[in-house]
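Report on the structure given below.
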Amino acid sequence: MGDLVIQEVGGFAAGGTPGAHFRKEGRLALSDLSPEDRERVLAMFANPKPVNANFYYRITLERPSRRQTIEALPEAVPAALIASVKTILD
Amino acid sequence: MTLVSAVHYLMKFNNAFWNGTQMTYGDGDSQIFIDFTLGNDVIGHELTHGVTEHSAAFVYANEPGGLNESISDVFGSMFRQWQAGQDVNSADWLIGSNIMGPTAKARGYTCLRDMANPAATHCLAPQPTKFSQYQPGMDPHYSSGIPNLAFYKACMAVGGHSWDPVGQIWYKALTGFGASPNMLMSAFANRTRSLAKSMYPGNATIENAVNNAWAAVEL
């Protein structure tokens, strides 16, 4: 079914920038989401929209055949996916 | 207008942000970061995003994005200095120093960003220091190091308090001209140069401080 890789982008404590000593990311199997959340996420990938925001999530859907990345505002992302994000210090 | 802040956002949320209509603060994970409301520069930073949204309205991409983030660091730092009664020499010019958790501190990190030395390795997120390092598409939280350093240099050259006169110039540059969503860093620099002349006519110290500060970062 595929895996989701989620990265937190921006905000006051913006990690993952060049040379930054921390980043914030998580990984979740698409199958680990509830059917409703899975449908919501797949709908975002079917109809991606760019965001212009101080803080947002970058989500990549990894499948054997392809890889697709979208941007999403926090309110659009299922809580279970956001909860997978961990802050990783070098 | 009503100012709305949400606190205790999610669980162990290591961030704070402005979402277009309100501020939001996490409690931190108690390891890398602690409660984000403990940093008065954090609060000043997020509040300033609201001011920017309702004035210059810089978009969160490319050069205007870097200006947007810098303006928030600038006013967040000024608020911190003002509340502590610090002049430019006694201020530490660090962003996020009050919210560093024990794990981050144990590894020698004292801040998120350093306006006096954006490339400093004691910060969690080093930044560029000159415009020649800028590239389109750069994260605004990274490129903001360039205008951050310019503000610091202008303040140090003038002396006294950061919020007057240099802060007054920056505030007028942000709020005095209506929306400029796609403003380039060079245009903002030139706007502050013009304001230094018009707001403080005949004051060569201020005029030179602002001009030289931007020149030092190649703008």
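First to last, the protein sequences are chains P and X.
Counted the way the numbering used here counts, the first sequence spans residues 2 to 91.
Counted the way the numbering used here counts, the second sequence spans residues 475 to 693.
Even for Gly, the Cβ is constructed at its ideal location relative to N, Cα and C.
Going by C-alpha positions, D4 (chain P) is about 15 Å away from A44 (chain P). For the options P:L90, P:R68, P:P36, the alpha carbon positioned closest to that of F46 (chain P) is the one of P:R68. Distance between A599 (chain X) and A578 (chain X), taken at the CA atoms: about 12 Å.
Restricted to the segment 640–664 of chain X, the alpha helix (DSSP H) segments that are unbroken, complete and at least 4 residues in length are 640–649, listed in chain order. About 13 Å separates the CB atoms of A77 (chain P) and G494 (chain X); that is not less than 8 Å, and the two are not in contact. Less than 9 Å separates the beta-carbon of V516 (chain X) from that of F13 (chain P). Using a Cβ-Cβ cut-off of 9 Å, R554 (chain X) does not count as an interface residue toward chain P, since no Cβ of chain P sits closer than that to its own. Under DSSP, the beta-bridge partners assigned to D4 (chain P) are P:A30, P:E63. Excluding five sequence positions before and after K87 (chain P), the CB atoms of its chain that fall closer than 8 Å to its own CB belong to K25, E26, G27, given in chain order. Contact check between the segment 592–606 of chain X and the segment 685–692 of chain X: three or more CB pairs, one atom from each, fall below 8 Å, which counts as touching. One finds T18, P19 in chain P with Cβ atoms closer than 7 Å to the Cβ of Y616 (chain X), taken in chain order. Restricted to the segment 476–518 of chain X, the beta strand (DSSP E) segments that are unbroken, complete and at least 3 residues in length are 490–492, 497–499, listed in chain order. Chain X has no Cβ within less than 9 Å of the Cβ of A77 (chain P). Non-local C-beta neighbours of W567 (chain X) in its own chain, meaning closer than 7 Å and more than five positions away in sequence, comprise S551, D588, M589, A590, Y626, ordered along the chain. Under the 10 Å beta carbon count, A628 (chain X) is surrounded by 16 or more other beta carbons and is classified as buried.
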